[in-house]
Amino acid sequence: MQFSKLQIAIILVIIIAGASGGYLIYQNIFRRIEVKNPGIIVYARPGEPLSFDPAYETWYGVREIVQNVYETLVFYDGTRTDKFVPLLAESWWVSDDGLTWVFKIRSGVKFHNGEILKPEDVEYSLERCIIQDRAGARAFLLTYPLTGISTVRAINFNDIEKVRELGRTIDNAIESNSTHVILRLKFPYPPMLSVLCQSWFSVMNKKWCIEKGDWPGFNKSDPKTYETWPQWNNPPREKLPHRFEMCGTGPFMLESYQPATQTVLKRFDGYWRGPAKIERIIIKYVQEWSTLKLMLQTGDADMILASASYYVELTGMEGVTYFEIQTPLIWYIQFNFNISSDSPFIGSGKLDGNGIPPDFFSNPDVRKAFAYAINYDRIIKEGFSGLGQRPSNHFNLIGLPYYWADAPMYKYNKTKAIEYFKKAYDGKLWEVGFKFTLYYTPGWPEVQFTYAAIKSDIEALNPKFQIELRQVETAAATQYFNARQWVIAMDGRKPDMADPHNHAFMFYASTGVWPLYQRYSNPEIDKLVDEGVRTMDPKKREQIYRRICELVFEDCPSLVLIQQTERWYQRTWIKGNPYYNPMFVGPFFYGLEKGS
Amino acid sequence: MSVRKYLARRLLMLPLILLGVILIVFTILQCFSPAQRAIAYIQSTEDMLYINDIIKKYHLDDPPYIQFLYWFDNLLHGNLGFSVSARMPVSQAILTFFPATVELVMLAIPLLLIIGTLFGILSAVYRDSLIDHFVRVFSIGAWSMPTFWSGIILLAIFYGGLGMFPPGRLSTQIALSLIQNPIHQYTGIYIIDGVLNGRFDVAWDSLNHVFLPSLNLAILSSALPMRIMRSSMLEVLGKDYIAAAKAKGLSKWVVIWKHAVKNAIIPLITVSGIMVANLLTGVVITETVFAYPGLGYFAAGAARSLDMPGVLGFAIFAAVIYTIVNLVVDLLYAVIDPRIRY
Chain A
1 MQFSKLQIAI ILVIIIAGAS GGYLIYQNIF RRIEVKNPGI IVYARPGEPL SFDPAYETWY
61 GVREIVQNVY ETLVFYDGTR TDKFVPLLAE SWWVSDDGLT WVFKIRSGVK FHNGEILKPE
121 DVEYSLERCI IQDRAGARAF LLTYPLTGIS TVRAINFNDI EKVRELGRTI DNAIESNSTH
181 VILRLKFPYP PMLSVLCQSW FSVMNKKWCI EKGDWPGFNK SDPKTYETWP QWNNPPREKL
241 PHRFEMCGTG PFMLESYQPA TQTVLKRFDG YWRGPAKIER IIIKYVQEWS TLKLMLQTGD
301 ADMILASASY YVELTGMEGV TYFEIQTPLI WYIQFNFNIS SDSPFIGSGK LDGNGIPPDF
361 FSNPDVRKAF AYAINYDRII KEGFSGLGQR PSNHFNLIGL PYYWADAPMY KYNKTKAIEY
421 FKKAYDGKLW EVGFKFTLYY TPGWPEVQFT YAAIKSDIEA LNPKFQIELR QVETAAATQY
481 FNARQWVIAM DGRKPDMADP HNHAFMFYAS TGVWPLYQRY SNPEIDKLVD EGVRTMDPKK
541 REQIYRRICE LVFEDCPSLV LIQQTERWYQ RTWIKGNPYY NPMFVGPFFY GLEKGS
Chain B
1001 MSVRKYLARR LLMLPLILLG VILIVFTILQ CFSPAQRAIA YIQSTEDMLY INDIIKKYHL
1061 DDPPYIQFLY WFDNLLHGNL GFSVSARMPV SQAILTFFPA TVELVMLAIP LLLIIGTLFG
1121 ILSAVYRDSL IDHFVRVFSI GAWSMPTFWS GIILLAIFYG GLGMFPPGRL STQIALSLIQ
1181 NPIHQYTGIY IIDGVLNGRF DVAWDSLNHV FLPSLNLAIL SSALPMRIMR SSMLEVLGKD
1241 YIAAAKAKGL SKWVVIWKHA VKNAIIPLIT VSGIMVANLL TGVVITETVF AYPGLGYFAA
1301 GAARSLDMPG VLGFAIFAAV IYTIVNLVVD LLYAVIDPRI RY
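Chains A and B, in that order, are what the protein sequence lines are.
With this note's numbering, letter number 401 in the first sequence gets 401, and the count goes up by one each step, no holes.
Each number in this note's numbering corresponds to the 1-based position in the second sequence with 1000 added.
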């Protein structure tokens, strides 16, 4: 075979290019990565904020920015979740009956616009959160103890008398003078300080908000203000007056936000605790995992947000370290007690071996059989990289007050699982079997793995038990969920505050979010949950939560799979741990340094 | 028909085409239930509890014609509505993301046309030779390679391995310098704006970032022009006039360039028009892998969350782009081949 000159030239070019490329790769494997962007921390993560309004947003990607830009009255002490330190409140005291909380506001604190913090800013911010009350947000955490109702939308906004009355109630519940802010509660509320630590109750500059077109606040000399506040209730996101602007007192101020690209935070030199050591924080929005990983590897990102399933890819990466923290983040599955009869996931809709009846999971024996049939250790080991422990329920969590290590819980036990399956429906279930479908959405490897594990564990018990798995698009999943067509739902969640009440209410009280979805209720639990949040005596509270632990074990409306140990990965040249408190929702950059 | 008349007729068709596109896209969106279309507003499981509130607030369960009128009213007032997925008005989103895509395509198109045309010609001229085999294998490989995979491989080699061509649109330092000292945005295309403002560092940095995603697009998209050029050239090279030109004693490359390529390139122009329009209206996967915020990123986000104003706005924009590009292609025929008349 003879080669023409052109062919020889092409072959030579390919050989030279290949050799040069190989040499460069060889060089780079052994190269020492130098610190890039000194004085700047680049944090890359997926997702993107929808707004920066601290009262409005619940997504962690926004809240982690809020916790660096805004501040609350108090915060958790170091790594603790049961002790608090003053932040914008210099000190505080509570009346003996637990109904009045008084906060002395720190003097000399500056907002990012140069204004000095005044107690009326605190009053305005808390009242603004209550009246804004975006459906699905967390204003209820404060609205409930201050007004006795969970949402201001509980009243009819067309009834001006009621609107006026509620306006005055809110205004009287939160008052300020030149030095203090006073909160007047409807009943004693032990988690009050924990609530006030949360980003939704961040302190904003009243003057700045009003200048931007936000709610003007209550004014005792202007009765109209008690009637007009519903105009600012539950606004659509695009109508937020300072959607992508911020003005807080925190160590960093918002410098710019570029959609689909980045958020830049700049050091606030007038910060009351002294300026941060880092000049700027750049939060880059990168949706593709491989790109995120390469950015950390090359040092273009100093830290990245990684879910548990990716930890294994980062561990051992040169120049990268991690911190481990036992957070109250839990993953759980919920049973639907009353599935819609038109659900496409319940087969025939009958107990005939080709489906399940819509009320399948209202049968306690079925729920307990599932609870014993699942190999939790395997899910933790293989689905969550072995990082975490199994809690007994949603609220009895390591690191949270009143944790009960010996609380009853279901453990993997095939014999007991078979026993309960045989007991259910007087033996008919075991005899005819069942069939249903679990669906999951893309991008959630933990859910996909867990469902596959449940399928194999259940099907191993009886060949007549069949669980099918199906991937569906997020939009379709929303539709199925809303139409109550789901059979079992899996989700992950961190409590809104470091107190058992939050999850006890949300997952077990009949008016909580999940029991409403599931159609689950237990009047005794309802009573105890309400009693628990109104009892100031810690001993009595402990007893109440232990009793709820026993009751939820007996009812088994849902199962908690893991309380996750999270890992925070960053380059070794970043000095300091930005994720030291379990209640943080992301990195807290103040105190970090970038070394060489 | 004169070119002017032809042009006027085509442009007059544009509103009709747009109306058709709007109606089709709107009808498709209406096939999704209000609950499905509410996902753009739902961020957590708790939000699901208030889904009916969301549906009411955003008129998602109003009769379709009412929803259409809401949207059309916005259009008559000069805006395309608010895109929840882009977090800004649709027109602003298009203005924000389109220049980035143009920048990407601006580099990708010449690359892919050069690679495609050149290798297509060589493959035909040296039929059944080593180079022909290489081109055929390459074009099949490139055509069947997933964009996602090739993007990651390129990133791993050049960025991860060699530390070159980082993802994103600008480096951290340059992006920061632009926040502190903004440049005048003539086009939104950093390579051009950087040069026009005398900020060559910005232009160079942008080129450094856009090169790899452009190369990815060029490699993958060059397969089609390569194959079209090859088969078209093979056909032309077998024509009598080529034999006549050769018989006249013209050199091999003069025959190829002056006689064969000029005639073989017409099918390529037709395809190029569609390719350019395709690329301009967004290259979702490449933009996602390279963290490059272009129109594809916007369109994919809008489609994923069934963001009606976003999807409709994008569809209108894409229809305009396709119409204009096709018009330009039609006019180009006449320039290249004087036999073609309108």
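All residues carry an ideal CB built from backbone N, CA and C; glycine is no exception.
Which class does A373 of chain A belong to by DSSP, given the choice of helix, strand or coil?
When DSSP states are grouped into helix, strand and coil, A373 of chain A belongs to the helix group.
Output yes if chain A places a C-beta closer than 8 Å to the C-beta of V1090 of chain B; else output no.
No, V1090 of chain B does not count as interfacial toward chain A.
Under 8 Å Cβ to Cβ from T100 of chain A, same chain only, skipping five residues before and after it: list those, please.
Closer than 8 Å at the Cβ level, and outside the excluded window around T100 of chain A, lie V94, I182, L183, R184, L185.
Can you find the residues in the same chain that come closer than 7 Å, C-beta to C-beta, to T1281 of chain B, ignoring five residues on each side of it along the sequence?
So the qualifying residues of the chain are L1295, A1318, I1321.
Determine, using beta carbons only, whether E446 of chain A and W331 of chain A come nearer to each other than 8 Å.
Here E446 of chain A is near W331 of chain A, since their CB atoms are less than 8 Å apart.
Complete alpha helix (DSSP H) runs within the segment 185 to 273 of chain A (minimum length 4 residues, chain order)
Fully enclosed alpha helix (DSSP H) runs of no fewer than 4 residues occupy 192 to 196, 206 to 211, 225 to 228 of the segment 185 to 273 of chain A, in order along the chain.
Relative to the C-alpha of C602 of chain A, which residue among A:M246, A:H180, A:A173 is closest?
Absent from the model: residue 602 of chain A. The displayed extent of chain A is 1 to 596, so no value can be given.
Take W289 of chain A and list the residues in its own chain whose beta-carbon comes closer than 7 Å to its own, dropping the five residues that flank it on each side.
The answer, listed in chain order, is Y310.
Residues in the same chain with beta-carbon distance under 7 Å from V1025 of chain B, minus the five sequence neighbours each way, listed in chain order, please.
Only V1311, L1312, A1315 meet the Cβ criterion.
Do I40 of chain A and E279 of chain A count as a contact pair if the criterion is CB distance below 8 Å?
Taking 8 Å as the Cβ cut-off, E279 of chain A and I40 of chain A qualify as a contacting pair.
Segment contact flag, the segment 60 to 78 of chain A with the segment 575 to 587 of chain A, C-beta cutoff 8 Å, min 3 pairs:
Enough Cβ pairs lie closer than 8 Å, so yes.
Using Cβ-Cβ distances below 8 Å, what residues of the segment 1045 to 1059 of chain B are close to chain A?
Those residues of the segment 1045 to 1059 of chain B that come within reach of chain A (Cβ to Cβ, closer than 8 Å) are T1045, E1046, D1047, M1048, L1049, Y1050, I1051, D1053, I1054, K1057, Y1058.
Please decide whether F481 of chain A counts as near chain B, where near means a Cβ-Cβ distance under 8 Å.
Between F481 of chain A and chain B, the shortest Cβ-Cβ separation is below 8 Å.
Below 8 Å CB to CB, which residues in the same chain sit around V1276 of chain B once its five sequence neighbours on both sides are set aside?
Scanning its chain for C-beta atoms nearer than 8 Å, with the 5 sequence neighbours on each side dropped, one finds around V1276 of chain B the residues V1105, I1109, V1325, in chain order.
Which residues does DSSP pair with Q323 of chain A in a beta bridge?
First, the residue type needs correcting, since residue 323 of chain A is Phe and not Gln in the sequence shown. Beta-bridge pairing links F323 of chain A to A:W568.
Would you kindly report the start and end of the unbroken beta strand (DSSP E) that includes V42 of chain A?
Annotation: the continuous beta strand (DSSP E) that includes V42 of chain A extends over 40 to 45.
C-alpha gap between L429 of chain A and P364 of chain A, whole angstroms
Spanning the two alpha carbons is a distance of roughly 13 Å.
Span of the beta strand (DSSP E) holding R1127 of chain B?
Here R1127 of chain B belongs to no beta strand (DSSP E), and DSSP marks it neither H nor E.
Assuming A1218 of chain B and L1111 of chain B make a contact with CB atoms under 8 Å, what is their CB distance in whole Å?
By a beta-carbon distance limit of 8 Å, A1218 of chain B contacts L1111 of chain B. Their separation comes to about 4 Å.
With 16 other CB atoms within 10 Å as the buried threshold, where does M949 of chain B fall?
Past the edges of chain B, shown from 1001 to 1342, lies residue 949 of chain B, and the structure says nothing about it.
Do I1381 of chain B and D1061 of chain B have their C-beta atoms closer together than 8 Å?
Shown here, chain B extends from 1001 to 1342; a query on residue 1381 of chain B therefore has no answer.
In its own chain, which residues sit with a C-beta less than 7 Å from the C-beta of E550 of chain A, not counting the 5 before and 5 after it?
Within its own chain, the residues whose Cβ lies closer than 7 Å to the Cβ of E550 of chain A, once the five positions on either side in sequence are excluded, are P408, listed in chain order.
What are the uninterrupted segments assigned as alpha helix (DSSP H) that are 4 or more residues long and contained completely in the segment 1256 to 1302 of chain B, given in chain order?
Uninterrupted alpha helix (DSSP H) stretches at least 4 residues long and entirely within the segment 1256 to 1302 of chain B occur at 1262 to 1280, 1284 to 1289, given in chain order.
Using a Cβ-Cβ cutoff of less than 6 Å, which residues in the same chain neighbour Y1297 of chain B once the five nearest sequence positions on both sides are dropped?
Hits under 6 Å: E1287.
Quick one: what's A137 of chain A bridged to in DSSP?
Paired residue(s): none; A137 of chain A is not in a bridge.
Euclidean distance between Cα positions of P216 of chain A and R106 of chain A:
The straight-line gap from Cα to Cα measures roughly 24 Å.
Can you name the start and end residues of the beta strand (DSSP E) that A89 of chain A belongs to?
For A89 of chain A, the enclosing beta strand (DSSP E) stretches over residues 89 to 94.
At the 8 Å Cβ level, is N37 of chain A part of the contact set with chain B, yes or no?
So yes, N37 of chain A belongs to the interface.
Does M490 of chain A come out as helix, strand or coil in the three-state DSSP assignment?
In this structure, M490 of chain A counts as strand in the three-state DSSP scheme.
Assess, as a yes-or-no matter, whether the segment 1133 to 1147 of chain B is touched by the segment 261 to 280 of chain A under the definition of 3 or more beta carbon pairs within less than 8 Å.
Touching, no.
Once you ignore the five residues that flank A371 of chain A on each side, which residues in its own chain have a CB closer than 6 Å to its CB?
The answer, listed in chain order, is Y410, C556, L559.
So, for L126 of chain A: in the same chain, excluding its five sequence neighbours on each side, which residues have a beta-carbon less than 7 Å away from its beta-carbon?
So the list reads L142, I174, F201, once near-sequence residues are dropped.
For Y1297 of chain B, would you say it is in contact with chain A, using Cβ-to-Cβ distances shorter than 8 Å as the test?
Chain A contact via Cβ: present.
When the Cβ atoms of the segment 1196 to 1205 of chain B are set against those of the segment 1082 to 1091 of chain B, are three or more pairs found closer than 8 Å?
No, the segment 1196 to 1205 of chain B does not touch the segment 1082 to 1091 of chain B.
Could you pull the start and end residues of the beta strand (DSSP E) that S176 of chain A belongs to?
Taken as a continuous stretch (DSSP letters only), the beta strand (DSSP E) holding S176 of chain A covers 174 to 176.
Tell me the DSSP secondary structure of K540 of chain A in three-state form.
Judged by DSSP in its simplified three-state form, K540 of chain A adopts helix.
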